[in-house]
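Position 226 (the sequence shown) corresponds to 756 in this note's numbering; numbering is contiguous.
All residues carry an ideal CB built from backbone N, CA and C; glycine is no exception.
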Amino acid sequence: MRKWVVFFLLAGLLLGIWGIAAAAPRSLVKFGRNLVIDEGTRVQDAIAIGGQVTVEGEVKRNVVAVAGSVLLTSSARVGGDVVSVGGVVEAEEGAQVEGNQVEVPLPGLSSSFMGLSQGNWPHLSWILRLISIIASIGFMALALLVVLLIPRPIGMISAAVEHNTWKVAGWGLLGVFLIIPVAVLLAISIIGIVLIPVEIIFVVCALLTGYIAVGQLLGKKITTALKKPNQPMFWETLLGLIVLSVTGLVPVLGSLVKLVVGLIGLGGVIFSLLSLRKGMPAEG
Numbered sequence: 531m532r533k534w535v536v537f538f539l540l541a542g543l544l545l546g547i548w549g550i551a552a553a554a555p556r557s558l559v560k561f562g563r564n565l566v567i568d569e570g571t572r573v574q575d576a577i578a579i580g581g582q583v584t585v586e587g588e589v590k591r592n593v594v595a596v597a598g599s600v601l602l603t604s605s606a607r608v609g610g611d612v613v614s615v616g617g618v619v620e621a622e623e624g625a626q627v628e629g630n631q632v633e634v635p636l637p638g639l640s641s642s643f644m645g646l647s648q649g650n651w652p653h654l655s656w657i658l659r660l661i662s663i664i665a666s667i668g669f670m671a672l673a674l675l676v677v678l679l680i681p682r683p684i685g686m687i688s689a690a691v692e693h694n695t696w697k698v699a700g701w702g703l704l705g706v707f708l709i710i711p712v713a714v715l716l717a718i719s720i721i722g723i724v725l726i727p728v729e730i731i732f733v734v735c736a737l738l739t740g741y742i743a744v745g746q747l748l749g750k751k752i753t754t755a756l757k758k759p760n761q762p763m764f765w766e767t768l769l770g771l772i773v774l775s776v777t778g779l780v781p782v783l784g785s786l787v788k789l790v791v792g793l794i795g796l797g798g799v800i801f802s803l804l805s806l807r808k809g810m811p812a813e814g
């Protein structure tokens, strides 16, 4: 009972922090899109992750672009630092920056985001469809390789999802709510900006690993229902991922299923890591 009380108190606190960060006056944050501060507009911070920041007005504190560039026009006024991770900082004559201008190079990252966001590719829909097919095949191969190389962690996460479904779902929701506030808090400081790629890598790895574990669990349930239990984890995972891939093709329902699986998978990873830290079995 005490664990649940602590959990809900922590969740309430973090949601409060989320609300404060989201409601921070005049701070703008964009994910996967370009951000433009028009002339005559005043904001506290301007942050874009996966997009370009163009400043024509006034930013009282910091301007940050992760996987994107920063363009300061002649009318731009910035009271803090201007930082680009994976892009460049371009300032026209007349732009005023009271802090530092910092560029953290990550070759190829900025151009990939910008090419997509600006829609410069001909026949983009066909290219994206082909990329999607290749990515699906590649993910399937990667998933099976992960199962072969690290079967124990996958089994641990799968067991956590199976035996602690609601707790895992709760941790997944909490993890999703934390992604943006943590990124925003990191982006405010120069030191924290360096850690943003680490957060992104962790979240991506957690989502992929959790998704694979849920796929393995689904395959296990299917083989048990077919009265062919105790199949090798390799085949259980393959079967589960195929079912998830086919389900994902169904309009609306497929996206919803993938969203739930990703959420539960993320929660399974977090729950398993916390269980290891406490020295407890994940299925306990």
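For the region 715 to 757, the continuous alpha helix (DSSP H) assignments of 4+ residues that do not extend past its boundaries occur at 720 to 755, in sequence order. By the neighbour-count criterion, in which a residue is buried when 16 or more other Cβ atoms sit within 10 angstroms of its Cβ, D568 is exposed.
Judged by DSSP in its simplified three-state form, S802 adopts helix. A distance below 6 angstroms between beta-carbons, with the five flanking residues on each side excluded, links Q626 to the following residues of its chain, in chain order: R607. Where I579 is concerned, the enclosing beta strand (DSSP E) starts and stops at 576 to 579. Non-local beta-carbon contacts of P681 in its own chain, meaning distances under 7 angstroms to residues more than five positions away in sequence, involve M763 in chain order.
Distance from the CA atom of A671 to the CA atom of L774, rounded to whole angstroms, is 15 angstroms.
For W701, the CB contacts under 6 angstroms within the same chain, skipping 5 residues up- and downstream, are G797, I800, F801 in chain order. Under the DSSP definition of a beta bridge, V619 partners with V600. Relative to V676, the option among C735, V632, G616 whose CA is nearest is C735.
Within 10 angstroms of the beta-carbon of A755 lie fewer than 16 other beta-carbons, which makes it exposed. The beta carbon of L725 sits closer than 6 angstroms to those of L716, all from its chain and outside the five residues before and after it, given in chain order. Annotation for S785: G778 place their beta carbon closer than 8 angstroms to its own, counting only its chain and skipping 5 residues before and after. When the Cα atoms are used, G617 and L601 turn out to be separated by approximately 10 angstroms.
Just measuring C-alpha positions, the residue of S614, E588, L769, G610 sitting nearest P727 is S614. A contact is defined here as three or more CB-CB pairs under 8 angstroms, and the region 788 to 796 meets this definition with respect to the region 691 to 708.
In this structure, the straight-line span from the alpha carbon of L783 to that of K750 is close to 22 angstroms. Note on K757: under 16 other CB atoms within 10 angstroms of its CB, so exposed under the neighbour-count rule. Residue pairing by DSSP places K560 opposite A578 in a beta bridge. For a cut-off of 8 angstroms, the C-beta gap from R591 to Q574 is around 5 angstroms, short enough to register as a contact.
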